[in-house]
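If you're matching them up, the sequences are chains A and B in order. The first sequence runs 1 to 314 under this note's numbering. The second sequence runs 1 to 314 under this note's numbering. Positions of the beta carbon are idealized from the N, C-alpha and C atoms, including for glycine.
There are 2 protein chains.
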Amino acid sequence: MAFPDPALPARVRIHEVGPRDGLQNEAAAVPVEIKAEFIRRLAATGLDTVEATSFVHPRWVPQLGDAERLMELLAQAGLPAGLRLPVLVPNRRGLERALALGVREVAVFGSVTESFARANLNRSVDESLAIFEPVVARAKEAGMRVRGYLSMCFGDPWEGAVPVARVAGAGRRLLDLGCDELSLGDTIGVATPGHVGALLTALGEAGVDAARTAVHFHDTYGQALANTLTALRHGVTTVDASAGGLGGCPYAKSATGNLATEDLVWMLHGLGIETGVDLGRLTATSVWMAAHLGRPSPSRTVRALAGTPSHQES
Amino acid sequence: MAFPDPALPARVRIHEVGPRDGLQNEAAAVPVEIKAEFIRRLAATGLDTVEATSFVHPRWVPQLGDAERLMELLAQAGLPAGLRLPVLVPNRRGLERALALGVREVAVFGSVTESFARANLNRSVDESLAIFEPVVARAKEAGMRVRGYLSMCFGDPWEGAVPVARVAGAGRRLLDLGCDELSLGDTIGVATPGHVGALLTALGEAGVDAARTAVHFHDTYGQALANTLTALRHGVTTVDASAGGLGGCPYAKSATGNLATEDLVWMLHGLGIETGVDLGRLTATSVWMAAHLGRPSPSRTVRALAGTPSHQES
Numbered sequence: 001m002a003f004p005d006p007a008l009p010a011r012v013r014i015h016e017v018g019p020r021d022g023l024q025n026e027a028a029a030v031p032v033e034i035k036a037e038f039i040r041r042l043a044a045t046g047l048d049t050v051e052a053t054s055f056v057h058p059r060w061v062p063q064l065g066d067a068e069r070l071m072e073l074l075a076q077a078g079l080p081a082g083l084r085l086p087v088l089v090p091n092r093r094g095l096e097r098a099l100a101l102g103v104r105e106v107a108v109f110g111s112v113t114e115s116f117a118r119a120n121l122n123r124s125v126d127e128s129l130a131i132f133e134p135v136v137a138r139a140k141e142a143g144m145r146v147r148g149y150l151s152m153c154f155g156d157p158w159e160g161a162v163p164v165a166r167v168a169g170a171g172r173r174l175l176d177l178g179c180d181e182l183s184l185g186d187t188i189g190v191a192t193p194g195h196v197g198a199l200l201t202a203l204g205e206a207g208v209d210a211a212r213t214a215v216h217f218h219d220t221y222g223q224a225l226a227n228t229l230t231a232l233r234h235g236v237t238t239v240d241a242s243a244g245g246l247g248g249c250p251y252a253k254s255a256t257g258n259l260a261t262e263d264l265v266w267m268l269h270g271l272g273i274e275t276g277v278d279l280g281r282l283t284a285t286s287v288w289m290a291a292h293l294g295r296p297s298p299s300r301t302v303r304a305l306a307g308t309p310s311h312q313e314s
Numbered sequence: 001m002a003f004p005d006p007a008l009p010a011r012v013r014i015h016e017v018g019p020r021d022g023l024q025n026e027a028a029a030v031p032v033e034i035k036a037e038f039i040r041r042l043a044a045t046g047l048d049t050v051e052a053t054s055f056v057h058p059r060w061v062p063q064l065g066d067a068e069r070l071m072e073l074l075a076q077a078g079l080p081a082g083l084r085l086p087v088l089v090p091n092r093r094g095l096e097r098a099l100a101l102g103v104r105e106v107a108v109f110g111s112v113t114e115s116f117a118r119a120n121l122n123r124s125v126d127e128s129l130a131i132f133e134p135v136v137a138r139a140k141e142a143g144m145r146v147r148g149y150l151s152m153c154f155g156d157p158w159e160g161a162v163p164v165a166r167v168a169g170a171g172r173r174l175l176d177l178g179c180d181e182l183s184l185g186d187t188i189g190v191a192t193p194g195h196v197g198a199l200l201t202a203l204g205e206a207g208v209d210a211a212r213t214a215v216h217f218h219d220t221y222g223q224a225l226a227n228t229l230t231a232l233r234h235g236v237t238t239v240d241a242s243a244g245g246l247g248g249c250p251y252a253k254s255a256t257g258n259l260a261t262e263d264l265v266w267m268l269h270g271l272g273i274e275t276g277v278d279l280g281r282l283t284a285t286s287v288w289m290a291a292h293l294g295r296p297s298p299s300r301t302v303r304a305l306a307g308t309p310s311h312q313e314s
């Protein structure tokens with residue numbers, strides 16, 4: 001039974017990040033055949049966007065050192081024709097590797113804060129943008145769609161709360177470079193709904209349309225879904241999520257898991273918002289992946305649906 | 001850093017249910033001295049309402065068979081003068097036991113659906129109300145404050161989705177019997193934000209003021225905080241929550257945990273909403289209780305704060 005709210009969008013596009021953002025944090029690398037099968041199953045649930053991998057140097061993220069082989073396997077997997085399979089590219093070299101494999105959509109990854117830019121990317125915020133500029137230009141020239149990730153949009157472990165004006169400025173610059181879409185990351189999961197509203201308002205004032213803005217929440221403090229609901233009220237229609245809540249280690253002291261796609265779909269379908277996703281198949285996919293990883297899914301919806309029949313969907 | 005929203009209340013009263021709703025589900029009974037210490041620590045965090053126990057017959061809930069002894073211990077515990085310590089009373093006999101111990105506030109517990117009334121209370125909905133009538137009357141006569149719980153307000157495992165008009169009618173009847181406040185329970189955790197809005201609108205149309213309505217969400221599908229945010233937008237200012245997310249077994253297949261008080265407080269303080277609660281002390285209390293129970297707290301905020309410094313509160 002669905003209860004639509006006219007203040008919310010009729011349809012939401014889910015940008016599934018489990019295979020990339022989830023699996024890049026696994027201590028033990030997942031075999032490339034399992035990754036390809038995971039993506040095949042995710043596509044079969046009706047998801048129309050699955051971020052497949054990252055063309056980062058294997059020295060930095062050895063878990064994704066199989067990016068070429070994965071894309072070859074996916075090309076033979078008989079995936080749905082309209083499926084979007086973006087990949088992350090950290091620099092020009094990564095972009096060329098992706099282009100050589102026929103990738104149609106890429107994402108670049110920047111930080112809003114100097115501390116995280118230094119710690120994670122080993123460069124300043126301005127240096128990052130300078131590196132992105134030719135990457136984005138070349139990708140657009142090749143007819144690709146380009147997403148710009150911004151991390152630490154709400155809080156930073158070293159700098160504390162991040163001013164919304166600074167995030168709005170960085171977002172505006174990524175769009176000016178040619179990015180088609182922004183993804184606002186709450187990397188350490190500290191955002192609350194009022195902060196989400198304030199940031200989206202500031203972005204709007206900087207000329208960034210909510211229709212070009214995705215949100216990427218982590219459930220570290222349990223706020224991801226309440227924050228998502230607030231973003232939808234501000235006109236956002238693209239939400240990043242990770243099947244089964246993959247990403248980080250949810251049972252570690254400092255949980256950093258992504259919003260679980262299943263928890264998101266449960267809310268959206270309850271609100272009568274279309275996603276195109278079959279929740280039963282998605283849950284089965286996450287249960288399958290959890291068995292492979294040898295630990296239960298942190299998604300509450302996965303745990304509930306895997307144990308009992310769904311009361312909402314019947 | 002707080003981001004207030006003028007559409008939300010300035011202050012929320014948290015009705016802490018951990019000692020009763022949480023501990024009644026523990027397989028092994030918790031020693032009464034630990035319960036008393038738990039309540040003492042909860043009160044010291046600034047919570048102004050802590051539901052202490054239930055005067056149900058020990059045959060049904062043996063975990064709470066120590067209700068008399070607990071109240072005696074609490075009377076000697078030097079609790080803050082204004083602290084509210086409601087107890088659940090299932091019938092006239094329970095009420096008399098509570099009155100004899102000087103309890104000032106009680107709650108009665110009804111179901112909206114016939115199936116759950118039969119399964120949990122072994123009587124029909126109308127029979128429950130008939131039993132409550134003299135209980136509420138006697139409690140009011142004795143100058144007590146009375147809360148009326150309604151369970152299965154959104155979905156029922158046997159009956160599926162529950163019509164909002166039926167819940168509104170049951171709520172209206174409990175107030176007509178003399179209850180001061182309603183608590184709307186999503187016992188199986190299936191509610192989504194649109195459903196919450198629809199129910200609160202129906203209650204308003206039945207003459208039930210949101211100011212007299214509390215919400216009681218379970219996080220079975222991860223929806224509790226998004227639902228709470230929606231309830232606040234509809235004028236609700238009392239929210240039930242359980243310290244550390246106690247209640248049910250969050251690691252079992254069908255998780256049925258209560259909304260964790262810490263996750264709620266993180267959101268409310270981020271929105272600039274006063275609670276009077278010290279989040280650090282509350283987290284420490286839940287860590288202490290989790291150590292006693294021998295398993296980690298399912299609250300994401302507890303896990304995050306217990307492992308790393310708080311970025312929001314600094």
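Check: Interface flag, A168 of chain A vs chain B, CB-CB below 9 Å; Outcome: no
Check: Cβ-based contacts, 8 Å cut-off: residues of the stretch 186-215 of chain B near chain A; Outcome: I188, G189, V190, A191, T192, P193, G194, H195, G197, A198
Check: Minimum length 4: unbroken alpha helix (DSSP H) runs contained in the stretch 221-274 of chain A; Outcome: 224-233, 261-270
Check: Pick from B:V196, B:A291, B:P296 that is closest to F38 of chain B, judged by C-alpha positions; Outcome: B:A291
Check: Best match in B:G294, B:R303, B:R212 for proximity to L282 of chain B [C-alpha to C-alpha]; Outcome: B:R303
Check: Complete alpha helix (DSSP H) runs within the stretch 36-124 of chain A (minimum length 4 residues, chain order); Outcome: 67-75, 92-100
Check: Closest residue to R59 of chain B among B:L121, B:S115, B:F109 (Cα-Cα distance); Outcome: B:L121
Check: Closer than 7 Å at the beta carbon, the chain B residues around Q223 of chain A; Outcome: L225, W266, M267
Check: Neighbour flag for R118 of chain A against chain B, beta carbons, 9 Å; Outcome: no
Check: Simplified DSSP assignment, three categories, for L150 of chain A; Outcome: strand
Check: Reduced DSSP secondary structure (H/G/I, E/B, other) of A211 of chain A; Outcome: helix
Check: Buried versus exposed, by CB contacts within 10 Å (16 or more), W158 of chain B; Outcome: exposed
Check: Contact with chain B by H311 of chain A, beta-carbon distance below 9 Å; Outcome: Reliability fails at H311 of chain A, whose pLDDT of 39 lies under 50, so the model's placement of it is uncertain and the value that follows must be treated cautiously. By this cut-off, H311 of chain A is an interface position.
Check: Bridge partner(s) assigned by DSSP for S286 of chain B; Outcome: BP columns for S286 of chain B are empty, so no partner.
Check: Contacts of D240 of chain B in chain A (Cβ-Cβ under 9 Å); Outcome: The premise fails here: D240 of chain B is roughly 16 Å from chain A at the closest Cβ pair, so nothing lies under 9 Å.
Check: First through last residue of the alpha helix (DSSP H) which encompasses L203 of chain B; Outcome: 193-205
Check: Expected contact under 8 Å - CB spacing of V17 of chain B and S297 of chain B to nearest Å; Outcome: With 8 Å as the limit, V17 of chain B and S297 of chain B do not qualify as a contact, their Cβ atoms being about 15 Å apart.
Check: Alpha carbon of E262 of chain B to alpha carbon of G307 of chain B, nearest angstrom; Outcome: 14 Å
Check: For S54 of chain A, the nearest candidate out of A:R41, A:L200, A:E68 (CA to CA); Outcome: A:E68
Check: Any C-beta of chain C under 9 Å from that of T285 of chain A; Outcome: Protein chains A and B are contained in the structure displayed, whereas chain C is not.
Check: Heavy atom of the ligand ZN within 8 Å of L85 of chain B beta-carbon; Outcome: What this structure holds is no ligand at all, so the ligand ZN is not there to describe.
Check: As assigned by DSSP and simplified to three states, the class of S183 of chain B; Outcome: strand
Check: Under the three-state DSSP convention, the category F132 of chain B falls into; Outcome: helix
Check: Sub-9 Å separation of E181 of chain B and R145 of chain B beta-carbons; Outcome: yes
Check: Rounded straight-line distance, which links the Cα of E274 of chain A to that of V106 of chain A; Outcome: 25 Å
Check: With 16 other Cβ atoms within 10 Å as the buried cut-off, status of S124 of chain A; Outcome: exposed
Check: Among A:L175, A:T213, A:Y221, A:M152, nearest to T238 of chain A - alpha-carbon criterion; Outcome: A:T213
Check: Interface flag, F109 of chain B vs chain A, CB-CB below 9 Å; Outcome: no
Check: Close beta carbons around P134 of chain B, own chain, < 7 Å, minus the five adjacent residues each side; Outcome: R92
Check: Proximal residues of chain B, C-beta to C-beta of T220 of chain A below 7 Å; Outcome: R300, A304
Check: I188 of chain B beta carbon less than 9 Å from that of G155 of chain B; Outcome: yes
Check: Inter-residue Cα distance where the pair is G294 of chain B and L47 of chain A; Outcome: 40 Å
Check: Buried or exposed by the 16-neighbour rule on C-beta atoms within 10 Å, applied to P193 of chain A; Outcome: buried
Check: Element boundaries [alpha helix (DSSP H), containing R13 of chain A]; Outcome: No alpha helix (DSSP H) holds R13 of chain A; the beta strand (DSSP E) holding it covers 13-16.
Check: Alpha-carbon to alpha-carbon, L177 of chain B and A28 of chain B; Outcome: 36 Å
Check: Span of the alpha helix (DSSP H), counted from its first residue to its last, around G171 of chain B; Outcome: 164-177
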